[in-house]
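Residue numbers (our numbering): 1287 to 1846.
So the structure is just underneath, and the comments pick up after that.
Structure (structure tokens):
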């Protein structure tokens, strides 16, 4: 039986047939041979697995750029892995010593490593150093992290020192870039008058500033520590009302974990108030505290520019009013002269009749007086409408107004002119439609559109203007359409630009539509030219309430 098993094993493993070995004729001896062969097979398998593990270890060390080493204190025998030699860019050999590798380091690093190695061998103190290989100056340095720790025998004596070498050049390059970027950021922050900060709000709602950039003292004009235990100490520099909005917006940012934006006035340091703005992004740390990382920057020049721009806007709107009045000036005389002629005629009749011998009947006097009174009201309406357009105001006061009244004011000014050229105007029924607006500005928009329609249709065969008003949800839509054939395609993209006009130099300034667009948008509305209409058609949409316009503007700002 043993002989048969042994013979099969030998055949399966490629050995000679059992029948070729006379010496195997003894069963006991054959059993011993079988045991030996089984041990050989197991040993071979174990060695193969060991080689695979070693290869895996070598590959792992190569990927991690790490190698191991050990130094026997008693025999001074040094051993290291292949990767340790590769890291030091030297050829691996059996007689390699620790000094061989250390001599590749720059001089000042050698002394540090030698001292730490000696201390570790004597006192068992572990060490870790970052050292540099000697390289020409034009080649990027190679950095190595070397670690070492003592190993003890059963008696507690140090018998060896073991450790690792790891190539950390890539990490050092990243660190160098981070340092450069940080230095660049600090320079940018310094030059741009920007302060970087971090706000922390703990669970007890105590607010501190654990970090603020070094230029904070110069920015705020007082001595500012790099850490501020109570944010209120810094907020005291701002206007009281701005501090309240700071607290409110910070609470809202915390509740919704959304970006914090705040604008405040820095006061008390100089005679001139400075405006600053802060933007920060919230997050939570492991302790559950809320942290805002952000910037605060000086926007005084921006605010001043906005004030100047607003003033220029008011000037432009007023100039537009004057331009509209200039276009009306020649016709307003007729608007007033005709009623004056009527008044003069009836007054002359009364005077003439009163000089005659016959006495005027009460009915005749009443008819003449009534006609004079009604005609004088016509003049009053014209002057009132003219004042509404011409009056200048540096403040934009919104009030609730019936939009039909605004249209009526405009028609009072231009009715005579339109009638002279046979232009008919169709207006909607007098259903009250109210909006919250600066009425002078909306009158100006209506007058600009009516003036444009007048210039477009007065020489056409078909001369008409239609005005339609419709309530669309929380908005009011006004449609101005005339019998004109529309705007040339080449001009459609230019009509909203200031000073663009297709009229003669004496016919218009080119400010009407650009100012109208600015006015409507300042009310939270929109105005556009209808490309699909067969006639000339402009559509104006305005919110009924300015609160709606403000809410919509806020939503658009958040979305942007």
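Just so it is clear, CB atoms sit at the ideal spot from N, CA and C, and this is done for glycine as well.
These figures come from a predicted structure and were not determined experimentally.
Taking the CB atoms as reference points, tell me whether residue i and residue j lie closer together than 8 Å.
| i | j | result |
| --- | --- | --- |
| residue 1498 | residue 1514 | yes |
| residue 1359 | residue 1451 | no |
| residue 1565 | residue 1545 | yes |
| residue 1689 | residue 1711 | no |
| residue 1453 | residue 1351 | yes |
| residue 1418 | residue 1392 | yes |
| residue 1766 | residue 1735 | yes |
| residue 1506 | residue 1523 | yes |
| residue 1755 | residue 1709 | no |
| residue 1253 | residue 1425 | Look at the range of the chain in this structure, 1287 to 1846, and you will see that residue 1253 is not part of it. |
| residue 1560 | residue 1586 | yes |
When the Cα atoms are used, what is the spatial distance from residue i to residue j?
| i | j | result |
| --- | --- | --- |
| residue 1443 | residue 1433 | 20 Å |
| residue 1465 | residue 1459 | 10 Å |
| residue 1416 | residue 1430 | 6 Å |
| residue 1745 | residue 1706 | 12 Å |
| residue 1558 | residue 1579 | 29 Å |
| residue 1551 | residue 1595 | 20 Å |
| residue 1743 | residue 1749 | 5 Å |
| residue 1455 | residue 1410 | 28 Å |
| residue 1309 | residue 1363 | Summary for residue 1309: the model assigns pLDDT 46, below 50, so the residue's position carries little reliability, and this model does not support an answer. |
| residue 1445 | residue 1428 | 31 Å |
| residue 1366 | residue 1381 | 10 Å |
| residue 1375 | residue 1388 | 12 Å |
| residue 1403 | residue 1480 | 48 Å |
| residue 1656 | residue 1662 | 10 Å |
| residue 1525 | residue 1553 | 7 Å |
| residue 1383 | residue 1396 | 14 Å |
| residue 1386 | residue 1377 | 11 Å |
| residue 1379 | residue 1448 | 19 Å |
Using a 10 Å radius around the Cβ and a threshold of 16 neighbouring Cβ atoms, would you call residue i buried or exposed?
| i | result |
| --- | --- |
| residue 1779 | exposed |
| residue 1737 | buried |
| residue 1739 | buried |
| residue 1829 | buried |
| residue 1699 | buried |
| residue 1368 | exposed |
| residue 1490 | exposed |
| residue 1648 | exposed |
| residue 1469 | exposed |
| residue 1770 | buried |
| residue 1822 | buried |
Comparing the C-beta of residue i with each C-beta of chain D, is any distance below 8 Å?
| i | result |
| --- | --- |
| residue 1709 | Protein chains in the displayed structure number just one, and chain D is not present. |
Tell me the residue span of the beta strand (DSSP E) that contains residue i.
| i | result |
| --- | --- |
| residue 1764 | 1761-1768 |
| residue 1499 | Run containing residue 1499: none; DSSP gives neither H nor E here. |
| residue 1352 | 1352-1358 |
| residue 1489 | First-last for residue 1489: undefined, no H or E at that position. |
To which residues of the same chain is residue i closer than 8 Å at the C-beta, ignoring the five residues directly before and after it?
| i | result |
| --- | --- |
| residue 1307 | Per-residue confidence for residue 1307 stands at a pLDDT of 48, beneath the threshold of 50, marking its modelled position as unreliable; no derived number is given. |
| residue 1781 | 1773, 1799, 1815 |
| residue 1811 | 1761, 1826, 1827, 1828, 1829, 1835 |
Tell me which residues share the same chain as residue i and place their Cβ nearer than 6 Å to its Cβ, disregarding the 5 neighbours each side in the sequence.
| i | result |
| --- | --- |
| residue 1549 | 1563 |
| residue 1370 | 1353, 1355, 1451 |
| residue 1484 | 1496, 1497, 1579 |
| residue 1832 | 1684, 1722 |
| residue 1547 | 1565 |
Between which two residues does the alpha helix (DSSP H) holding residue i run?
| i | result |
| --- | --- |
| residue 1384 | 1384-1388 |
| residue 1566 | Here residue 1566 belongs to no alpha helix (DSSP H); instead the beta strand (DSSP E) covers 1560-1570. |
| residue 1454 | It is not in any alpha helix (DSSP H) - residue 1454 carries neither H nor E in the DSSP assignment. |
| residue 1777 | 1775-1778 |
| residue 1698 | 1689-1706 |
| residue 1799 | 1798-1808 |
Which residues in the same chain as residue i place their Cβ atom closer than 7 Å to its Cβ, once the five residues preceding and following it in sequence are excluded?
| i | result |
| --- | --- |
| residue 1693 | 1713, 1732, 1753 |
| residue 1757 | 1719 |
Taking 7 Å as the cut-off, is the CB of residue i close to at least one heavy atom of the ligand FAD?
| i | result |
| --- | --- |
| residue 1499 | The ligand content of the structure shown is nil, which means the ligand FAD is not present either. |
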